[in-house]
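Going by full-length UniProt numbering, the letters in the sequence shown line up with residues 1 to 349, in that order. C-beta: ideal position from N, C-alpha, C; glycine also.
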Amino acid sequence: MSVPDKIPVSFACQSCMQPIILDESLDNIDVHSMAELELPIYSDNSNTLDTQDPNAFDHFVPPFRLSESINNTGFMMVSDGKEKKLGTLFRLKAELFDCLSSNSEIDHPLCEECADSMLESMDQELKIAEKEWRDYKNYLDNLEQQQKCPNTTELEKELNELKENESRMLAELERLKLEEESLKEEVKKEEEEKIKLQKQEAKYWREYTKHRRELMLTEDDKRSLECQISYAEQQLEKLKDANIFNITFHIWHAGHFGTINNFRLGRLPSAAVDWSEINAAWGQTALLLCALARKIDLIFERYRIVPFGNHSYVEVIGENRELPLYGTGGFKFFGILNLMLPWLLFLTA
Numbered sequence: 001m002s003v004p005d006k007i008p009v010s011f012a013c014q015s016c017m018q019p020i021i022l023d024e025s026l027d028n029i030d031v032h033s034m035a036e037l038e039l040p041i042y043s044d045n046s047n048t049l050d051t052q053d054p055n056a057f058d059h060f061v062p063p064f065r066l067s068e069s070i071n072n073t074g075f076m077m078v079s080d081g082k083e084k085k086l087g088t089l090f091r092l093k094a095e096l097f098d099c100l101s102s103n104s105e106i107d108h109p110l111c112e113e114c115a116d117s118m119l120e121s122m123d124q125e126l127k128i129a130e131k132e133w134r135d136y137k138n139y140l141d142n143l144e145q146q147q148k149c150p151n152t153t154e155l156e157k158e159l160n161e162l163k164e165n166e167s168r169m170l171a172e173l174e175r176l177k178l179e180e181e182s183l184k185e186e187v188k189k190e191e192e193e194k195i196k197l198q199k200q201e202a203k204y205w206r207e208y209t210k211h212r213r214e215l216m217l218t219e220d221d222k223r224s225l226e227c228q229i230s231y232a233e234q235q236l237e238k239l240k241d242a243n244i245f246n247i248t249f250h251i252w253h254a255g256h257f258g259t260i261n262n263f264r265l266g267r268l269p270s271a272a273v274d275w276s277e278i279n280a281a282w283g284q285t286a287l288l289l290c291a292l293a294r295k296i297d298l299i300f301e302r303y304r305i306v307p308f309g310n311h312s313y314v315e316v317i318g319e320n321r322e323l324p325l326y327g328t329g330g331f332k333f334f335g336i337l338n339l340m341l342p343w344l345l346f347l348t349a
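Written out as structure tokens, the structure reads:
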């Protein structure tokens with residue numbers, strides 16, 4: 001059984017680092033083609049060293065050489081061919097790629113996808129460069145045309161216009177400065193007026209608060225007075241329906257005795273009432289009779305009752321004589337009659 005052929009030498013793409021298989025035509029490259037590939041594509045001074053700069057070697061990065069990295073990533077597998085020396089052939093391909101890399105800014109080899117992408121990028125850069133070249137050329141042509149036939153009249157006219165614009169701008173600037181000063185003065189006056197108005201506003205609010213407080217107090221007093229008036233009116237209505245004499249002079253009885261304001265008027269052998277209570281009852285009776293006479297405007301002609309507490313009496317008009325309505329003590333029938341006599345005389349009069 002024969003051993004299968006091994007994969008021929010493969011390089012890695014220097015852009016995406018994917019393994020690639022070279023075309024078989026590179027195995028038959030001649031010396032003439034190699035010499036043509038060694039020619040520079042365009043002059044590149046990016047790697048030129050400045051011999052006057054002592055620090056130039058510190059920043060110099062030598063170009064990548066594929067032939068120096070054959071033991072690292074230059075190839076993947078080697079076949080067992082006997083007719084050619086694979087080491088020499090591989091080194092030749094590596095030198096070829098080094099020549100291509102040194103003559104351009106792109107490291108070789110490249111896979112097909114990376115090569116297409118690189119071509120598109122280079123086409124775009126070429127278009128940009130061509131556009132810039134046309135712009136520079138047009139600008140250069142304009143400069144050369146102006147240098148050949150300078151138009152001093154147009155330049156002087158433009159200069160005069162610029163001077164006029166400058167004068168106009170300066171005048172406008174002066175006007176704006178004056179206007180600015182005027183506006184500053186107005187702003188200052190407005191600020192002063194603002195401060196004045198703020199003070200007046202603060203004073204107004206103080207007065208408003210004061211008057212508002214007084215108004216609230218007055219309203220409270222008004223409501224209080226209204227409540228008092230309402231209560232007084234209610235009490236007045238009650239008093240209108242009430243009999244003042246019934247309230248002031250309560251006439252009733254206590255057993256066998258008639259009473260006025262709880263004072264008993266009379267005595268019995270079985271119930272001895274104190275004379276001070278009887279005299280007080282006579283005084284209340286005299287006061288009631290005097291009040292009734294005053295109520296109906298009654299004028300006495302012969303007798304006039306004089307309420308004097310428990311020492312009340314009946315005055316005989318014209319005689320300057322007093323008939324007492326009080327007793328001094330003891331239980332005598334004629335004593336009681338003596339008390340009743342002035343009263344009866346007064347009532348019959």
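- The distance from the Cβ of Trp275 to that of Gly309 is about 14 Å, inconsistent with a contact at the 8 Å cut-off.
- A straight-line Cα-Cα distance of about 12 Å links Gly255 and Asn262.
- For Arg267, the three-state secondary structure derived from DSSP is coil.
- A direct Cα-to-Cα measurement between Ile106 and Ala12 gives close to 14 Å.
- With a 10 Å radius around the Cβ and a threshold of 16 neighbouring Cβ atoms, Cys111 comes out buried.
- Under a 10 Å Cβ-count criterion, Ser312 is classified as buried, with 16 or more other Cβ atoms of the shown protein chains found around its own Cβ.
- Closest by C-alpha distance to Gln284, out of Pro269, Asn246, Val316 and Asp141, is Asn246.
- Selection Arg213, Phe90 and Val273 evaluated against Gly258 yields Val273 as nearest (Cα-Cα).
- Counted as a single uninterrupted DSSP element, the alpha helix (DSSP H) harbouring Gly283 occupies residues Trp275 to Lys295.
- When the alpha-carbon of Ser15 is set against those of Ser101, Lys93, Phe90 and Glu172, the nearest one is in Ser101.
- The DSSP-derived three-state label of Arg304 is strand.
- Taken in chain order, the unbroken stretches of alpha helix (DSSP H) that lie wholly in the UniProt domain "Atg6/beclin coiled-coil" (109 to 236) and span 4 residues or more are 112 to 148.
- When the beta-carbon positions are compared, Ile278 and Leu265 come within less than 8 Å of each other.
- Separation of Ile260 and Ala286 (C-alpha to C-alpha, rounded to the nearest whole angstrom) is 11 Å.
- Residue Ile244 holds the alpha-carbon nearest to the alpha-carbon of Ala291 among Ala281, Ile244 and Glu130.
- Residue pairing of Ile251 in beta bridges, as defined by DSSP: Ile260.
- Note on geometry: alpha-carbon atoms of Ile296 and Leu323 lie some 24 Å from one another.
- By the Cβ neighbour-count rule, Ile128 is exposed, with fewer than 16 other Cβ atoms within 10 Å of its own.
- Distance from Lys93 to Leu22 at the Cβ level is roughly 7 Å; contact confirmed, criterion being Cβ atoms closer than 8 Å.
- Taking a C-beta distance under 8 Å as the contact criterion, His108 and Phe90 do not qualify as a contact pair.
- In the three-state reduction of the DSSP assignment, Glu315 falls in the strand class, which pools E and B.
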